[in-house]
């Protein structure tokens, strides 16, 4: 059984650019959530995907968007990057939306300059 | 929305002593309370969790207690070891809303 994997591990982008982060869910998991973790803070919920549809969203602007694919892997897209978007982006997968236990990937460290 | 507060922000203990981290939550509908450990540069890992129908849960040196009336829950680590040094996060979620609301984290340092 494979764990949650994310790519890339580190990324540097310029303000105003767009970025795509990727997440492969753990085997058997069909639900993926994305979190933003600023330095020294707890993760903040961005959104969740279940069976290729967004079924929950946190307090993030529309320039944060996502996708989930038939194999349950997921992408997080951020447009018009701002300096404050610099953070660790974590994805977490679950067995299903009714299961509460979430398993996290190692994260993508995004730096916006 | 749910607001989770976590205290203290930093905790330094002597090896072998106990460590206690406390969290409060605001939404009485929350019914699932996990604790995550995050070592430097690594992913958050679930170490223990508790549901609202249980008041206490223990796993070896780690225990969690929940007081639903007061809306607070705590993590207890006994006989601390250097490998317990990490950042610990509490979180809360409720049935039908699977987002986790995290506390700000506690940096635990175990002194040898």
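Residue numbers (this note's numbering), protein chains in the order written: chain A, 66 to 178; chain B, 970 to 1081.
Positions of the beta carbon are idealized from the N, C-alpha and C atoms, including for glycine.
Counting along the chain, residue 152 (chain A) sits inside the beta strand (DSSP E) bounded by residues 152-159. Classified as buried, residue 1079 (chain B) has 16 or more neighbouring CB atoms from the shown chains inside 10 Å of its CB. Proximity of residue 1005 (chain B) to chain A, defined by a Cβ-Cβ separation below 9 angstroms, is satisfied.
When Cβ pairs closer than 8 angstroms are counted between the two stretches, the region 145-163 of chain A is seen not to touch the region 995-1009 of chain B, the count staying below three. Along the region 154-170 of chain A, going in chain order, the ones with a CB nearer than 9 angstroms to a CB of chain B are 155, 157, 159, 162, 163, 164, 165, 166, 167, 168, 169, 170. Only 1018, 1020 from the region 1018-1033 of chain B bring a Cβ to less than 9 angstroms from some Cβ of chain A. What residue 1001 (chain B) touches in chain A, judged by beta-carbon distance under 9 angstroms, is 165, 166, going in chain order. The three-state reading of DSSP puts residue 1003 (chain B) in strand, counting E and B together.
In this structure, B:999 is the residue among B:999, B:1054, B:984, B:980 with its C-alpha nearest to the C-alpha of residue 972 (chain B). Using a CB distance below 8 angstroms, the part of the region 105-118 of chain A facing chain B consists of 105, 106, 107, 108, 109, 110, 113, ordered along the chain. Interface criterion not met: the Cβ of residue 79 (chain A) is under 9 angstroms from no Cβ in chain B. With fewer than 16 other Cβ atoms from the protein chains shown falling within 10 Å of its own Cβ, residue 1023 (chain B) counts as exposed. At least 9 angstroms separates the beta-carbon of residue 970 (chain B) from that of residue 1048 (chain B). The three-state reading of DSSP puts residue 1053 (chain B) in helix, counting H, G and I together. Following the DSSP letters along the chain, one finds residue 138 (chain A) in no beta strand (DSSP E), marked with neither H nor E. Straight across, the Cα-Cα distance linking residue 1073 (chain B) with residue 111 (chain A) is about 16 angstroms.
Counting only Cβ-Cβ distances below 9 angstroms, residue 1073 (chain B) has contacts in chain A at 105, 106, 107, in chain order.
Residue contact with chain B for residue 131 (chain A): absent (no Cβ-Cβ distance below 9 angstroms to any residue of chain B). With 16 or more other Cβ atoms from the protein chains shown falling within 10 Å of its own Cβ, residue 1046 (chain B) counts as buried. Within the region 973-1001 of chain B, the runs of beta strand (DSSP E) that reach at least 3 residues and sit entirely inside it are, in chain order, 973-976, 979-983, 988-994. Chain A places no beta carbon closer than 9 angstroms to that of residue 980 (chain B), leaving this residue out of the contacts.
Not one beta carbon of chain A lies nearer than 9 angstroms to the beta carbon of residue 1037 (chain B).
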